[in-house]
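Peer 1: What follows is a single structure, and I will ask about it in a moment.
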Amino acid sequence: AQSVTQLDSQVPVFEEAPVELRCNYSSSVSVYLFWYVQYPNQGLQLLLKYLSGSTLVKGINGFEAEFNKSQTSFHLRKPSVHISDTAEYFCAVSEGSGNTPLVFGKGTRLSVIA
Amino acid sequence: SAVISQKPSRDICQRGTSLTIQCQVDSQVTMMFWYRQQPGQSLTLIATANQGSEATYESGFVIDKFPISRPNLTFSTLTVSNMSPEDSSIYLCSVVQGATAFFGQGTRLTVV
């Protein structure tokens, strides 16, 4: 069975500082990896995804993530955060065969401080 | 990318009643997924809905409590039956296209 661990439940960071949100997964099969963002009282928006190919993936709003197979990690990074990045971030994994549901981590609450 | 319309967006319901949530997709999909997000928590898969067959429920979720219909390839409903305050959550439907999951905006349910 797959599982996802987001190591930090809350991450406070000052505006314009860099941030890394950590995600580790476990799976016995090849996987697809995703980061979603949920702004207050809104649905889930896809930030970025890793399906295959380059291990460094770039997403929307200046975010990027690196797939590390040996460490089973998919950490999310942004070099300079804005107040508008304050939200809940979810890491998720699915089996690498398509059309399967996601398994989500517990989420990381990013709070950007002015 | 798939566009999913989900309604109602929110509702406040009396305990003991039932609420049916509708999910419409702008393209045909084989499977639709229903998730629950309890307050301050992550998303948990409730069930997978295939057109033409009974839904497959995850551990801890049963058909009597969460009956699902899937009459065609673009539509599904989830009913939350005999509600209690513990059912207060956000319910989301999802489809997968191109190995990527897309979500409706969710239904925020409050049971009083």
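Going down the list, the sequences are from chains Z and P. Heads up: the first sequence begins at 358 in the working numbering, then just goes up one per residue. Heads up: the second sequence begins at 286 in the working numbering, then just goes up one per residue. No residue lacks a Cβ here, since even glycine has one placed at the ideal position from N, Cα and C.
Relative to the C-alpha of T385 (chain P), which residue among Z:Y393, Z:F431 and Z:R466 is closest?
Peer 2: Among Z:Y393, Z:F431 and Z:R466, the Cα nearest to that of T385 (chain P) is on Z:Y393.
Peer 1: Measure the alpha-carbon distance for S387 (chain Z) versus T429 (chain Z) and round it to whole angstroms.
Peer 2: In a straight line, the C-alpha of S387 (chain Z) is about 11 Å away from that of T429 (chain Z).
Peer 1: Put E339 (chain P) into one of helix, strand or coil per three-state DSSP.
Peer 2: DSSP places E339 (chain P) in coil when its eight states are reduced to three.
Peer 1: For a test of the three-state rule: what should DSSP assign to N425 (chain Z), helix, strand or coil?
Peer 2: Three-state DSSP puts N425 (chain Z) in a strand.
Peer 1: Look up I348 (chain P) in the DSSP assignment and say whether it is helix, strand or coil.
Peer 2: Coil, per DSSP.
Peer 1: With a threshold of 7 Å between beta carbons, is P397 (chain Z) in contact with chain P?
Peer 2: Chain P, which has no Cβ nearer than 7 Å to the Cβ of P397 (chain Z), makes this no.
Peer 1: Quick one: which chain Z residues come within Cβ less than 9 Å of V381 (chain P)?
Peer 2: Chain Z residues near V381 (chain P): S451, G455, N456, T457, P458 and L459.
Peer 1: Out of Z:L413, Z:T443 and Z:T457, state which residue places its alpha-carbon closest to the alpha-carbon of V449 (chain Z).
Peer 2: With the sequence shown as reference, residue 449 (chain Z) is identified as Ala, and Val is not the correct amino acid for it. For A449 (chain Z), the nearest C-alpha among the options comes from Z:T457.
Peer 1: Could you work out which residues of chain P lie near K463 (chain Z), taking near to mean beta carbons separated by less than 9 Å?
Peer 2: Result: Q326 and S327.
Peer 1: Closer than 7 Å by beta-carbon distance: list the chain P residues that pair up with G416 (chain Z), in chain order.
Peer 2: Those within 7 Å of G416 (chain Z) in chain P number zero; the least Cβ separation is about 12 Å.
Peer 1: Can you tell me whether K426 (chain Z) is buried or exposed? The criterion is at least 16 other CB atoms within 10 Å of its CB, across all chains shown.
Peer 2: Counting Cβ neighbours within 10 Å, K426 (chain Z) comes out exposed, since fewer than 16 surround it.
Peer 1: Within this structure, are the beta carbons of C378 (chain P) and Q291 (chain P) separated by less than 7 Å?
Peer 2: Going by C-beta atoms, C378 (chain P) is nearer than 7 Å to Q291 (chain P).
Peer 1: Would G400 (chain Z) pass as an interface residue toward chain P - the criterion being a Cβ-Cβ separation below 7 Å?
Peer 2: Yes, contact with chain P.
Peer 1: Starting from G337 (chain P), find everything on chain Z with Cβ-Cβ shorter than 9 Å and list it in chain order.
Peer 2: Result: empty, since nearest Cβ-Cβ is about 16 Å, beyond 9 Å.
Peer 1: Could you list the residues in the segment 419 to 450 of chain Z with a C-beta less than 7 Å from some C-beta on chain P, going in chain order?
Peer 2: Those would be F447, in chain order.
Peer 1: Under 7 Å Cβ-Cβ, which residues of chain P neighbour Y389 (chain Z)?
Peer 2: Chain P residues near Y389 (chain Z): A384.
Peer 1: Is there a Cβ of chain P sitting closer than 7 Å to that of L378 (chain Z), yes or no?
Peer 2: No - not a single Cβ of chain P is within 7 Å of the one on L378 (chain Z).
Peer 1: Measuring CB to CB, does E445 (chain Z) end up less than 7 Å from Q395 (chain Z)?
Peer 2: Yes, these two residues count as a Cβ contact at 7 Å.
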